[in-house]
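> Remember, our numbering sits 6 above the position in the sequence shown when you count from 1. Below: one structure in structure tokens.
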Amino acid sequence: MASMRKRFSSSSVEEDGISLCDSTSFSTFDLTSEEEHPYASLLCCHSIQDSLLSSNSSFTGYRGILNWIIILLVLTHAHLFLENFIQHGFLIDVKKVLGHLIEDNCNWPSVILILAANTFALIALLLERSQEKAMLSLSNAHRLHLTNLGLLVLFPPAVIVHEPAMSTGGAFFSLLFYTILGMKLYSYQETNRWYRLAHLEKEQNGPASQKHHNEHLTFRELYYFLLAPTLCFQRGFPCCPNVRINKLLHRLIEMVVLVQIMVGIVQQWIEPIFQRSEISFSAPTHFLWLLFFFLTHSYLNFCAELLRFGDRHFYGDWWNATTLIAFWKNWNIPFQRWCHRHIYTRLVERNVSPSHAELLVFLMSAALCEYMIALPLHSCRLWIFLMMVFELLVAVFLRNYFQGNYGNGLVWLFLLLGPPLAVATYFHDHYVSLRVNRQHRPSQSPPTSERRVFLQLH
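Structure follows, in structure tokens:
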């Protein structure tokens, strides 16, 4: 019995820390020693402590709950995967993808548009080399860089608007590619200009070597930056020692499975629109979340592993954000870093107040989201932009009333009912208009622009 009392006593001290016998509620017993109360360690088995899931608890080990949520998500979406695989087979067909991009077996609008982007990248490199050879002044080269970037921004919208053979999916990915390329090239010329100004300052203080600066202006460095999962340029990116084949294959399989599920979701969402049946808005919401995970995690980590790119901080813990402002700062770290480096900092340097600079950066990002969705669908209704502005007003005026878990709940409410709903409405109206146009035209030879929807329907 003495050994049992000793064991219980030691375990109570280790696990509970503060014994309930030491609390004020048991002070009337006045337990002075173990000799007077030989069974005190057996009777007092409770202590003051909070439940693990309560707000006052400092418990943070939620990995098992995360695994449980992941398993539930996989099981709830497994029927979509199996149903589409049984009915339609393996949807990732190279012939279908190429057929979606090709018109009359001789016109490749999306592919040609993406290949033409190399012209703007090469012009940027030639302008940088011309400055190193003293063929262009800093001011003239900066103007030519801005002209090159202006043409890069205007070229894809002109092609998308005037090319009826381009599909909605091809237009979206082409526009996304050009937007990323424009941000990368702006960072490329801006960062090289900073390096050049720093080099000129060193020359004023003493002789400096020009060879070290010229050896970075190469095709290899430029295209490594264009392929790397980052928007901000720098000299000498941090790299891992080798490529981990197991991680690379893991990301590849992950992307294949996600694409299969996304294609099945989109197919089950679009078919009811053309058949005038009930439409489920939960399907596009699931598609957007899967696309977000695909782009920000699977694809970026795959590219980083393939290129041995070391900085893989692509997102913060946005799911724990208690305010919408905290969410916007953590959901897309590469974009946030580019905005802070090339827009916010430059505005502050020009005597713009930090709050106004943050507002301008937010409005620019909202306009960019509207531009990315509205242009491929040939419809501009400002729903996404207005929804994000409304979220900003809510974040400013209600941040003092919703904090902690309530603030996190408000963030999730807007994430589920905000921009995803606006995007789903955009696509719904787009395909409804396609259905109406199809009914008013001969069924034997529908026009090309009406046949080129996001994916082929069975």
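Positions of the beta carbon are idealized from the N, C-alpha and C atoms, including for glycine. Note that the structure is predicted; figures quoted are calculated from it, not measured.
1. Where do the N-terminal and C-terminal ends of the alpha helix (DSSP H) with Cys375 fall, by residue?
2. Taking the DSSP output, what are the residues bridged to Phe315?
3. Would a C-beta distance cut-off of 8 Å place Leu155 and Leu191 closer than the cut-off?
4. Out of curiosity, what's the CA-to-CA distance linking Arg384 and Thr291?
5. Find the nearest neighbour of Asn62 within the set Gly410, Asn414 and Val438, judged by alpha-carbon distance.
6. Ser193: buried (16+ other C-beta within 10 angstroms of its C-beta) or exposed?
7. Using a threshold of 8 Å, state whether the C-beta atoms of Phe408 and Leu421 are closer than that.
8. Measuring CB to CB, does Arg241 end up less than 8 Å from Tyr184?
9. Note down the Cα distance separating Ser64 from Gly322, rounded to an integer number of angstroms.
10. Please report the straight-line C-alpha distance between Ile331 and Met370, rounded to a whole angstrom.
11. To the nearest angstrom, how far is it from the Cα of Leu419 to the Cα of Val167?
12. Closest to Val117 by C-alpha separation, out of His85, Gly175 and Ile75, would be which residue?
13. Under 8 Å: do the region 77–85 and the region 131–141 share three or more Cβ pairs, one atom per stretch?
14. In whole angstroms, what separates the C-alpha of Ile267 from that of Phe293?
15. Which word fits Leu187, buried or exposed, when buried means at least 16 other C-beta atoms lie within 10 angstroms of its C-beta?
16. Are the beta-carbon atoms of Leu181 and Met378 separated by less than 8 Å?
17. Have a look at Gln93, Ser439, Leu392 and Leu306 and flag the residue whose alpha-carbon is nearest the alpha-carbon of Pro425.
18. Hey, quick one: how far does the alpha helix (DSSP H) through Ala130 stretch, first residue to last?
19. For Leu398 and His148, I'd like the C-alpha separation in whole angstroms.
20. State the CB to CB distance for the pair Pro247 and Ala310, rounded to an integer number of angstroms; the pair is presumed to be in contact (CB under 8 Å).
21. So, for Ala428: in the same chain, excluding its five sequence neighbours on each side, which residues have a beta-carbon less than 6 Å away from its beta-carbon?
22. Would you tell me roughly how many angstroms separate the C-alpha atoms of Val165 and Ser173, rounded to the nearest one?
23. Report the three-state DSSP secondary structure of Ile75 (helix, strand or coil).
24. Just to confirm, is the Cβ distance from Phe308 to Met261 under 8 Å?
25. Determine the burial state of Tyr68: buried for a count of at least 16 other Cβ atoms within 10 Å of its Cβ, exposed for fewer.
26. Note down the Cα distance separating Arg405 from Ala130, rounded to an integer number of angstroms.
27. What separation, rounded to the nearest whole angstrom, lies between the Cα atoms of Leu296 and Leu264?
28. Pick helix, strand or coil for Ile54, following the three-state DSSP scheme.
29. Can you check whether the CB of Trp344 is closer than 8 Å to the CB of Asn2?
30. Would you mind giving the Cβ-Cβ distance between Val367 and Pro360, rounded to the nearest angstrom? I have them listed as a contact below 8 Å.
31. Less than 8 Å between CB atoms is the rule here; does Leu398 satisfy it with respect to chain D?
32. Determine whether the beta carbon atoms of Arg226 and Leu144 lie at a separation below 8 Å.
33. Can you give me the Cβ contacts of Cys238 inside the same chain, cut-off strictly under 7 Å, excluding the 5 residues immediately before and after it?
34. By the 10 Å Cβ neighbour count, where 16 or more other Cβ atoms means buried, how is Asn252 classified, buried or exposed?
35. What does a CB cutoff of less than 8 Å around Tyr229 pick up in its chain, not counting 5 residues either side in sequence?
Taking the geometry as given:
1. Pro360 to Ala380
2. Cys245
3. yes
4. Looking at the sequence itself, residue 384 is His, so the reference to Arg does not match. Near 21 Å, if we compare the C-alpha coordinates of Thr291 and His384.
5. Gly410
6. buried
7. no
8. no
9. 21 Å
10. 15 Å
11. 35 Å
12. Gly175
13. no
14. 8 Å
15. buried
16. yes
17. Leu392
18. Ala123 to Glu138
19. 34 Å
20. Actually they are not in contact, since the Cβ atoms of Pro247 and Ala310 sit about 14 Å apart, beyond 8 Å.
21. Trp389, Ile390 and Met393
22. 12 Å
23. helix
24. yes
25. exposed
26. 44 Å
27. 7 Å
28. coil
29. What is shown of the chain runs 7 to 464, which leaves residue 2 out entirely.
30. Rounded, the Cβ-Cβ distance is 10 Å, inconsistent with contact.
31. Note that chain D does not occur in the displayed structure, where there is just one protein chain.
32. no
33. Ser193, Arg343, Trp344 and Arg347
34. exposed
35. Ala127
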